[in-house]
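Enquirer: Dropping a structure here in structure tokens format, bear with me for questions.
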Amino acid sequence: MKIYLFIVSLFFCGITYAQTSISGSVKDSKNQPVPGANVKVVGESAGTVTDGDGNFSLSTTKKPPFDIEISSVGYGSTTATVTAANQKITVSLSEKETQLDEIVVSASRAPEKVRESPVTIERMTIKDVKKTASPTFYDGLENLKEVHMNTSSMSFKSINTRGFATVANTRFMQLVDGMDNSSPLLNFVLGNLIGVSDIDVASVELLPGASSALYGANAFNGILFMNSKNPFKYQGISTYVKYGQTNQKAAGANEYYDYGVRAAHKFNDYFAAKANFTYMRGTDWWATDYTDKTVEGRDRSHHNYNGMNVYGDEASTNIRGVGQSLVNLGLLPASALNILPNENVSRTGYNEVDLTDNKVRNAKIDFSLHARPFGNENFEIIWQSKFGFGNSVYQGANRYYLNGFQMQQHKLEFTGKNFFVRGYYTTEDGGKSYDMLFTGLNINRAWKPDATWFGQYAGAFVQSTLAGATPTQAHQAARTVADTGRFLPGTPEFQNAFNQVTADPNVLTGSKLVDNSKIYHSDANYNFKDLIKFAEIQVGGSYRRYDLNSFGRIYTDTPQFGGIKYDEYGVYSQVQKKFMEDRLKFTGSVRYDKAENFDGNYSPRVSFVYSAGEAKNHIFRASFQTGFRNPTTQDQYIGFNVGNAILLGSAPDNLTRYEETLPVTSPLGQALVGANTTINGNNAYYNSYTAQSAAAFAALAPSNPVAAAALLVRTNVDLVKPETVKAFELGYRGEVKGFTYDINGYYNIYNDFIGNLTVVAPLYGTAQDAPDLTLGASNPGVQSVDALVTGNTRAFQLYTNTDIEIKSIGFGVGLAKKLPKNFEVSANYNYAEFNFDQAKDPSFEAGFNTPKHRVKATISNDNLFKNFGFNISGRWSDEYKWESTFADGMIDAATVIDAQISYLVPSIKSTFKLGATNIGGKEYRQLLGPGLIGQQYFLSLTVNP
0 MKIYLFIVSL FFCGITYAQT SISGSVKDSK NQPVPGANVK VVGESAGTVT
50 DGDGNFSLST TKKPPFDIEI SSVGYGSTTA TVTAANQKIT VSLSEKETQL
100 DEIVVSASRA PEKVRESPVT IERMTIKDVK KTASPTFYDG LENLKEVHMN
150 TSSMSFKSIN TRGFATVANT RFMQLVDGMD NSSPLLNFVL GNLIGVSDID
200 VASVELLPGA SSALYGANAF NGILFMNSKN PFKYQGISTY VKYGQTNQKA
250 AGANEYYDYG VRAAHKFNDY FAAKANFTYM RGTDWWATDY TDKTVEGRDR
300 SHHNYNGMNV YGDEASTNIR GVGQSLVNLG LLPASALNIL PNENVSRTGY
350 NEVDLTDNKV RNAKIDFSLH ARPFGNENFE IIWQSKFGFG NSVYQGANRY
400 YLNGFQMQQH KLEFTGKNFF VRGYYTTEDG GKSYDMLFTG LNINRAWKPD
450 ATWFGQYAGA FVQSTLAGAT PTQAHQAART VADTGRFLPG TPEFQNAFNQ
500 VTADPNVLTG SKLVDNSKIY HSDANYNFKD LIKFAEIQVG GSYRRYDLNS
550 FGRIYTDTPQ FGGIKYDEYG VYSQVQKKFM EDRLKFTGSV RYDKAENFDG
600 NYSPRVSFVY SAGEAKNHIF RASFQTGFRN PTTQDQYIGF NVGNAILLGS
650 APDNLTRYEE TLPVTSPLGQ ALVGANTTIN GNNAYYNSYT AQSAAAFAAL
700 APSNPVAAAA LLVRTNVDLV KPETVKAFEL GYRGEVKGFT YDINGYYNIY
750 NDFIGNLTVV APLYGTAQDA PDLTLGASNP GVQSVDALVT GNTRAFQLYT
800 NTDIEIKSIG FGVGLAKKLP KNFEVSANYN YAEFNFDQAK DPSFEAGFNT
850 PKHRVKATIS NDNLFKNFGF NISGRWSDEY KWESTFADGM IDAATVIDAQ
900 ISYLVPSIKS TFKLGATNIG GKEYRQLLGP GLIGQQYFLS LTVNP
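This is the structure:
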């Protein structure tokens with residue numbers, strides 16, 4: 000903490016040096032302004048970018064004469080000599096493919112050319128945003144090398160880089176203007192729901208792979224930086240209007256629209272402000288996968304059907320057990336018991352399309368105030384507020400409709416030439432969001448309790464069988480009887496029950512998700528380049544507090560225990576030094592992070608970049624770094640009933656925070672613990688069987704109970720702890736015969752990988768390995784087997800680490816070339832694979848969820864003929880296995896082609912664009928659960944682009 004305070008004390012040191020101010024403009028060969036051009040003082044990292052009119056201003060501590068370098072994507076770089084303070088410079092850039100000279104910041108937390116970046120970096124510039132063939136720039140990120148999207152909803156896409164990601168990608172970080180966009184409750188990014196709009200985005204940079212050494216624990220498998228436009232540089236009013244249609248076989252053709260406005264004004268050299276508003280509305284991809292989640296080939300005609308996008312059919316019980324209860328109550332003759340099959344029967348569920356309005360909406364509002372006390376960019380004070388509202392579908396263990404979800408962020412930042420210090424907080428409100436599984440379950444229960452429904456089913460089955468029906472006919476007749484009077488979608492009875500259930504947070508009767516969680520975060524950085532000359536040295540740090548508040552609905556933050564608060568902090572330092580006439584660049588960094596519930600971790604990174612060739616156009620890089628990921632808030636404190644199991648975090652105090660009282664139905668169990676018993680998290684972690692062994696037991700027990708008991712395995716897991724990765728990377732960037740190449744390969748070794756383990760805890764008795772049934776009912780192991788046989792159990796999904804080392808390997812090749820007559824082509828290929836010995840940990844799911852092979856290509860021309868441009872992008876990925884807590888299965892290979900044509904009207908600074916996605920393509924999916932992705936067509940008008 001002393002180091003952290005020392006950093007803060009240095010922040011204002013750099014603003015008192017004598018300054019040389021430079022201003023000017025950058026134009027192309029047609030005398031048109033070049034916005035977003037990089038302007039950099041030669042020999043140091045100080046730099047800026049031109050505004051929307053191609054103008055720039057820059058201050059440096061260097062005294063004239065010195066040179067500045069100007070570059071931009073698609074243009075050659077040039078230098079200009081500054082001979083006097085306050086000099087105005089006009090520069091003309093000629094067209095040329097110069098991707099190696101683009102300026103990036105994220106790889107080293109300091110401006111540097113792409114060629115000097117110590118790690119793989121992908122980026123999207125203002126020019127790329129304008130010409131993307133996707134409906135939004137965020138959708139267009141999927142065309143970047145190393146990016147694979149997991150689409151949960153039309154408005155909710157999760158970025159996956161280098162694997163091991165579901166929709167809830169807790170191994171990936173997203174920063175918007177320096178603020179972590181992660182949900183305080185869920186600990187992962189909600190796509191671009193509270194991000195930045197197409198007309199306000201200035202740059203996008205992506206670092207695939209571990210970045211913990213500079214950015215902390217959450218930057219474990221990648222980090223995305225989205226930076227918005229500064230009103231000092233980009234002024235005026237911009238707006239866009241987009242109208243289109245989505246097409247899907249299930250949902251049909253539906254209109255959607257998207258519009259936004261940006262207003263920015265520089266009042267003088269000391270004060271500027273901006274505001275943004277965007278709104279999107281459309282129809283989501285309907286989720287209509289009715290395959291059975293548990294048994295391949297089973298359909299709705301089966302008596303124990305559990306459909307993928309059907310909810311309420313999770314209520315399932317052994318129908319002979321129901322018959323035994325009826326016999327005990329005198330409602331069924333004992334002679335009829337053996338007529339009932341020793342099989343489970345499920346209730347009739349509701350389709351997902353009947354439990355949502357299938358609409359997506361997203362509104363984003365943000366404003367910022369910018370002050371420059373000294374009239375230049377050497378010191379700037381920023382207040383920024385961002386608000387996001389919307390409807391979408393998130394998929395985790397269940398599918399959740401985020402209805403009226405709200406999230407907001409507020410930031411105060413002090414930034415200058417060599418430093419920044421910022422603080423912000425994020426808060427969210429679940430609105431009217433609800434769990435679709437519990438919506439289906441509890442609408443059924445509001446109409447008829449489970450016990451009544453299953454009792455009627457058992458009675459009708461017996462009657463039908465005695466009347467001569469076959470088992471299949473008896474099941475059909477029993478369901479018809481039990482379902483008589485069921486609330487049907489579209490009826491007032493159904494709607495009233497739906498409204499009541501979705502407004503009730505009690506999982507026994509409702510499905511509402513309640514959330515008012517917060518994150519408080521601060522971070523700071525200082526660059527000593529003006530104080531220390533032999534190398535560029537940076538130091539920095541961060542502090543974060545989580546304040547969880549789900550009112551006991553999702554976490555164990557019930558009123559009796561109070562809220563959940565815990566802290567994390569970290570400090571880091573980096574040294575960069577050039578050798579061999581600036582051909583060899585060394586970067587070394589180390590970060591220390593400490594989370595409240597875990598020991599501290601160090602994350603070092605070492606890299607070398609060597610520029611070969613006379614023009615230094617062949618750049619080789621090598622890096623090694625370690626990363627770690629602290630268990631998320633869910634991993635530690637969740638206590639969430641998802642129907643078929645309880646998701647239970649493993650923070651030590653969480654095991655006793657979670658508590659549940661359940662009925663005991665077997666005679667032996669009632670003799671041991673009574674009619675009801677109370678269990679907590681200790682039962683889950685220390686007195687349970689692995690779900691895999693319990694399933695094997697259940698399959699064999701009817702025919703050979705002694706042999707079946709020998710298959711039982713007592714759960715033996717540790718409480719969750721941080722996972723670590725060792726990352727090795729090699730790469731090459733270069734220009735050969737006009738082609739720009741970017742080649743990289745990586746090898747990652749993961750230890751203590753965090754995952755889930757499903758277990759079954761008996762409500763009485765003691766879990767043992769292979770309990771011996773010959774010991775009789777007085778033996779605790781035998782008692783636990785009785786609990787399994789009679790269904791007196793509770794299933795839990797635990798958060799733990801695997802002891803097995805996981806390895807992943809991959810490489811990527813990207814190339815780009817600028818062709819005659821303004822054509823540009825690019826293509827990339829990625830290979831990704833992982834290695835995990837499943838036999839050593841059969842119950843553990845790694846969830847790599849990434850295609851082994853991916854190919855992407857783009858051809859474009861932003862001036863095909865006068866003011867007309869086009870872009871065609873295509874991508875292909877092969878089939879891959881999907882593993883998640885919701886469902887497992889294979890994802891088919893997919894080919895997707897997007898295209899757009901544009902027309903520029905310079906006189907009104909406007910661009911018309913006509914675009915389409917998945918042209919002529921087959922509907923496809925990227926994970927199991929959401930609807931198939933169809934086609935999207937749009938026409939847009941952007942004013943003052």
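Throughout the sequence shown, residue numbering follows numbering that gives the first Met the number 0, covering 0 to 944 in sequence. By construction, the Cβ of each residue, glycine as well, lies at the ideal position given by its N, Cα and C atoms.
1) For valine 641, which of helix, strand or coil comes out of DSSP?
2) Under 7 Å Cβ to Cβ from lysine 265, same chain only, skipping five residues before and after it: list those, please.
3) Should phenylalanine 187 and valine 724 be called a contact, given that it needs their Cβ atoms to be closer than 8 Å?
4) What does the Cβ neighbour count give for proline 721, buried or exposed, with the cut at 16 atoms within 10 Å?
5) Would you kindly work out how many angstroms separate the C-alpha atoms of valine 663 and alanine 707, rounded to a whole number?
6) If you drop the 5 nearest sequence neighbours on each side, which residues of the same chain put their C-beta closer than 6 Å to that of asparagine 337?
7) In angstroms with no decimal places, state the Cα-to-Cα distance between threonine 916 and asparagine 246.
8) At which residues does the alpha helix (DSSP H) containing tyrosine 137 begin and terminate?
9) Out of Gly311, Val321, Asp592, Lys865, point me to the one whose CA is closest to serine 211's CA.
10) Are there three or more Cβ pairs, one per stretch, closer than 8 Å when the stretch 305 to 315 is compared with the stretch 893 to 904?
11) Where does glutamate 722 fall in DSSP's three states?
12) Pick from Leu331, Asp127, Ser227, Ala893: whose alpha carbon is nearest that of leucine 174?
13) Across the stretch 442 to 459 and the stretch 535 to 546, are there enough close Cβ pairs to call them in contact, namely three or more that are closer than 8 Å?
14) Could you round the C-beta distance between asparagine 375 and serine 56 to whole angstroms and report it? I think they count as a contact, below 8 Å.
15) Among Phe867, Gly780, Asn834, Lys851, which has the Cα closest to the Cα of lysine 820?
16) Roughly how many angstroms lie between the CA atoms of phenylalanine 388 and valine 359, to the nearest whole one?
17) Give a yes or no on whether the C-beta atoms belonging to tyrosine 433 and tyrosine 400 are separated by under 8 Å.
18) Around the C-beta of tyrosine 798, are 16 or more other C-beta atoms found within 10 angstroms, so that it is buried, or is it exposed?
19) Let me check one thing: in DSSP terms, what residues is phenylalanine 911 bridge-paired to?
20) Identify which residue in Asp66, Ala84, Ser105 has its Cα closest to the Cα of valine 90.
21) Assign asparagine 975 to one of three DSSP states: helix, strand, or coil.
22) Our contact map puts asparagine 596 next to tyrosine 565 with C-beta atoms below 8 Å; I'd like the distance itself, whole angstroms only.
23) How far does the alpha helix (DSSP H) with methionine 435 in it reach, from first residue to last?
24) Going by beta carbon distance, what residues of the same chain come within less than 6 Å of glycine 190, once the five residues before and after it are set aside?
25) Can we say the stretch 679 to 695 touches the stretch 748 to 764, given the rule of at least three CB pairs closer than 8 Å?
26) Closer than 6 Å by C-beta to isoleucine 236: which residues in its own chain qualify, once you throw out the five before and the five after it? Chain order, please.
27) Keeping to the same chain, check which residues put their C-beta closer than 8 Å to that of alanine 502; ignore five residues upstream and five downstream.
28) Taking its Cβ as the centre, do 16 or more other Cβ atoms sit within 10 Å of isoleucine 6, making it buried, or is it exposed?
29) Cα separation between alanine 477 and alanine 459?
30) Here's the rule I'm using: 16 or more other beta-carbon atoms within 10 Å means buried, otherwise exposed. How should valine 781 be labelled?
31) Beta strand (DSSP E) containing proline 332: first to last residue?
32) With a CB to CB cut of under 6 Å and the five nearest residues on each side skipped, what residues in its chain are close to proline 504?
33) Answer with yes or no whether the minimum CB distance from phenylalanine 493 to chain C is below 8 Å.
34) Between which two residues does the alpha helix (DSSP H) harbouring threonine 78 extend?
35) Closer than 8 Å is the cut-off here; do at least three beta carbon pairs connect the stretch 401 to 412 with the stretch 445 to 454?
36) Within a Cβ cutoff of 6 Å, which residues of the same chain sit near isoleucine 364, ignoring the five residues on either side of it in sequence?
Expert: Based on what the coordinates show:
1) Along the sequence shown, one-based indexing puts residue 641 at 642. Of the three classes helix, strand and coil, the one that applies to valine 641 here is coil, per DSSP.
2) For the purposes of this step, residue 265 is taken as residue 266 along the sequence shown, with counting starting at 1. The answer, listed in chain order, is Pro230, Phe231, Gln234, Ala271.
3) The residue you call residue 187 lines up with position 188 of the sequence shown. The residue you call residue 724 lines up with position 725 of the sequence shown. No.
4) By one-based count along the sequence shown, residue 721 stands at place 722. Under this definition proline 721 is a buried residue.
5) Translated into positions along the sequence shown, residue 663 becomes position 664. Translated into positions along the sequence shown, residue 707 becomes position 708. Whole-angstrom Cα-Cα distance: 23 Å.
6) The residue labelled residue 337 in the question sits at position 338 within the sequence shown. Closer than 6 Å at the Cβ level, and outside the excluded window around asparagine 337, lies no residue.
7) As a first step, residue 916 must be located in the sequence shown, where it is residue number 917. As a first step, residue 246 must be located in the sequence shown, where it is residue number 247. The straight-line gap from Cα to Cα measures roughly 10 Å.
8) For this step, residue 137 is matched to residue 138 along the sequence shown. Start and end: 136 to 139.
9) For the purposes of this step, residue 211 is taken as residue 212 along the sequence shown, with counting starting at 1. Minimum Cα distance to serine 211 is reached at Asp592.
10) no
11) Here residue 722 refers to the residue found at position 723 of the sequence shown. DSSP places glutamate 722 in strand when its eight states are reduced to three.
12) Numbered from 1 along the sequence shown, position 175 holds the residue referred to as residue 174. When only C-alpha atoms are compared, the closest one is Ser227.
13) no
14) The residue labelled residue 375 in the question sits at position 376 within the sequence shown. The residue labelled residue 56 in the question sits at position 57 within the sequence shown. 7 Å between Cβ atoms; contact.
15) Position 821 of the sequence shown, counted from the first residue, corresponds to residue 820. Out of Phe867, Gly780, Asn834, Lys851, Phe867 has the C-alpha closest to the C-alpha of lysine 820.
16) Taking the first residue of the sequence shown as 1, we reach residue 388 at position 389. Taking the first residue of the sequence shown as 1, we reach residue 359 at position 360. So the two alpha carbons sit approximately 11 Å from each other.
17) Walking along the sequence shown from the start, residue 433 turns up at place 434. Walking along the sequence shown from the start, residue 400 turns up at place 401. Taking 8 Å as the Cβ cut-off, tyrosine 433 and tyrosine 400 qualify as a contacting pair.
18) The residue given as residue 798 occupies position 799 in the sequence shown. Its Cβ being crowded by 16 or more others within 10 Å, tyrosine 798 is buried.
19) Within the sequence shown, residue 911 is the residue found at index 912, counting from 1. Tyr902, Leu940, per the DSSP bridge assignment.
20) The residue labelled residue 90 in the question sits at position 91 within the sequence shown. The option with the nearest alpha carbon to valine 90 is Asp66.
21) For residue 975 there is no data in the structure shown, the boundaries of the chain being 0 and 944.
22) The sequence position of residue 596 within the sequence shown is 597, counting from 1. The sequence position of residue 565 within the sequence shown is 566, counting from 1. With a Cβ gap of about 7 Å, asparagine 596 and tyrosine 565 count as contacting.
23) As a first step, residue 435 must be located in the sequence shown, where it is residue number 436. Start and end: 435 to 446.
24) For the purposes of this step, residue 190 is taken as the residue at position 191 of the sequence shown. Closer than 6 Å at the Cβ level, and outside the excluded window around glycine 190, lie Phe155, Lys156.
25) yes
26) As a working note, residue 236 is residue 237 in the sequence shown. Ala262.
27) Position 503 of the sequence shown, counted from the first residue, corresponds to residue 502. Answer for alanine 502: Lys431, Gly509, Lys511, listed in chain order.
28) In the sequence shown, counting from the first residue as 1, residue 6 sits at position 7. The predicted model places isoleucine 6 with a pLDDT of 42, which falls under 50 and marks its position as unreliable, so this point remains unresolved.
29) The residue labelled residue 477 in the question sits at position 478 within the sequence shown. The residue labelled residue 459 in the question sits at position 460 within the sequence shown. Distance between the alpha carbons of alanine 477 and alanine 459 is about 5 Å.
30) On the sequence shown, position 782 is the one that residue 781 refers to. It counts as buried.
31) Counted from its first residue, the sequence shown places residue 332 at position 333. Note, proline 332: premise wrong, no beta strand (DSSP E); not H, not E.
32) Residue numbering aside, residue 504 sits at position 505 when the sequence shown is read from its first letter. Excluding sequence neighbours, proline 504 sits near Lys511, Val513, Arg552.
33) Given the protein chain composition of this structure (a single chain), no chain C is represented.
34) The sequence position of residue 78 within the sequence shown is 79, counting from 1. Threonine 78 -> not in any alpha helix (DSSP H); beta strand (DSSP E) instead, spanning 77 to 81.
35) no
36) Residue numbering aside, residue 364 sits at position 365 when the sequence shown is read from its first letter. Contacts found: Phe276, Phe386.
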